[in-house]
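Residues in the sequence shown are numbered consecutively from 203, following my numbering.
Worksheet for the structure shown next.
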Amino acid sequence: MQDTTQKTSFKAQQLKFREDAILDVVNHLLARKGFDLMTMDEVAAEVGIAKASLYKHFASKEVLAAASMTRLIDRALAVVNDLSVELDPLEKLKGLVRWAVTAHLANTMPLLPSTRSSIQQSLTNYPPYMEKVGRLIEAVGTWIEQAQTSGLLSASLPGEVILYTVFARSCDPVADFLKLGGAFSDPEIVEMLVKTCFDGMSQDKSTL
Numbered sequence: 203m204q205d206t207t208q209k210t211s212f213k214a215q216q217l218k219f220r221e222d223a224i225l226d227v228v229n230h231l232l233a234r235k236g237f238d239l240m241t242m243d244e245v246a247a248e249v250g251i252a253k254a255s256l257y258k259h260f261a262s263k264e265v266l267a268a269a270s271m272t273r274l275i276d277r278a279l280a281v282v283n284d285l286s287v288e289l290d291p292l293e294k295l296k297g298l299v300r301w302a303v304t305a306h307l308a309n310t311m312p313l314l315p316s317t318r319s320s321i322q323q324s325l326t327n328y329p330p331y332m333e334k335v336g337r338l339i340e341a342v343g344t345w346i347e348q349a350q351t352s353g354l355l356s357a358s359l360p361g362e363v364i365l366y367t368v369f370a371r372s373c374d375p376v377a378d379f380l381k382l383g384g385a386f387s388d389p390e391i392v393e394m395l396v397k398t399c400f401d402g403m404s405q406d407k408s409t410l
C-alpha cells in the first residue's frame, strides 16, 4: 500500500514538474508575442515534448493560456501577501509595480489580455482565473482607497483609473525601449517607471 502511495506521489510530482515547465514556456511566449501569435506547435517544440503529449496536459490553447494567466495571478497574490503590513498603502502599490516591471524585463510577464484579444472570453469562462483576479482587484483596490483617504494619492481620480494604471505597468513598452537603449540597468528602469507612475513627470516643488 505504501509503495503504491509513493508511486502515485512520484507520478504526481512528475506531472506537476512537466506542467510547470510547459507554463514557463507559455509565459515566455505570451511575453514575447502574445496569445494570438502563440501556437501549440511552438509550445511543444520549446518544452521538448510531442504535441500529442501537450494536449494530454492542456486540452486547448485557450485552456493553456488561461492556466498560465492564473499562475501569474497566483504570483501577484503572493507578492501582495508578502508585502510588509507596516508599509503604507502607497508603498504597497509601489512594491507591486516593482515586481511587475521586474518580471516584465525578465520576459516572465505574459502580455495582459486586452478587450480585443481572443483570449479574453476564455479567461472570463475560466473560474480559477476569475476568482483569483477578483481577490487581486479587491486587495489592490483596498490599498488605493486607503491611499486616497490618507492623501497619499489623488482623491479626484476614480479608483478604477488608478487600478488599471497600476496593472498596465506590467506590460509598459517604455521598459522595453529603455532596456533596448542600453543606457540603464534593469533596477534603474524599474525605479524610473515606479517614479513616473506615482509621481508623474512634473518638477518636484520641494527641489525648487
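We treat Cβ as the ideally placed atom computed from N, Cα and C, and that holds for glycine.
- DSSP, read as helix, strand or coil, puts L359 in coil.
- Taking the Cα positions, L395 is about 15 angstroms away from Y366.
- In the three-state reduction of the DSSP assignment, F369 falls in the helix class.
- In this structure, the alpha-carbon of K258 lies about 22 angstroms from that of D238.
- Residue environment analysis places N327 among the exposed positions, since fewer than 16 neighbouring C-beta atoms fall within 10 angstroms of its C-beta.
- Between L274 and P330, the gap from beta carbon to beta carbon reaches 7 angstroms or more.
- Taking every protein chain shown into account, the CB of F260 has 16 or more other CB atoms within 10 angstroms, so this residue is buried.
- Under the three-pair Cβ rule at 8 angstroms, the region 263-283 does not count as touching the region 383-390.
- Under the Cβ criterion (8 angstroms, minimum of three pairs), the region 334-347 counts as touching the region 277-294.
- A direct Cα-Cα distance of roughly 11 angstroms separates L380 from D374.
- In this structure F400 is buried. Its beta-carbon is surrounded by 16 or more other beta-carbon atoms within 10 angstroms.
- Assignment of D222 by DSSP, reduced to helix, strand and coil, places it in the helix class.
- For M394, the enclosing alpha helix (DSSP H) covers residues D388 to D401.
- In terms of CA proximity to G250, A223 leads the group T241, Q405 and A223.
- Pairing R300 with V392 gives a Cβ-Cβ distance under 7 angstroms.
- Going by DSSP, A252 is part of no alpha helix (DSSP H) at all; its letter is neither H nor E.
- When only Cα atoms are considered, D388 and K213 end up about 39 angstroms apart.
- Here V228 is near V245, since their CB atoms are less than 7 angstroms apart.
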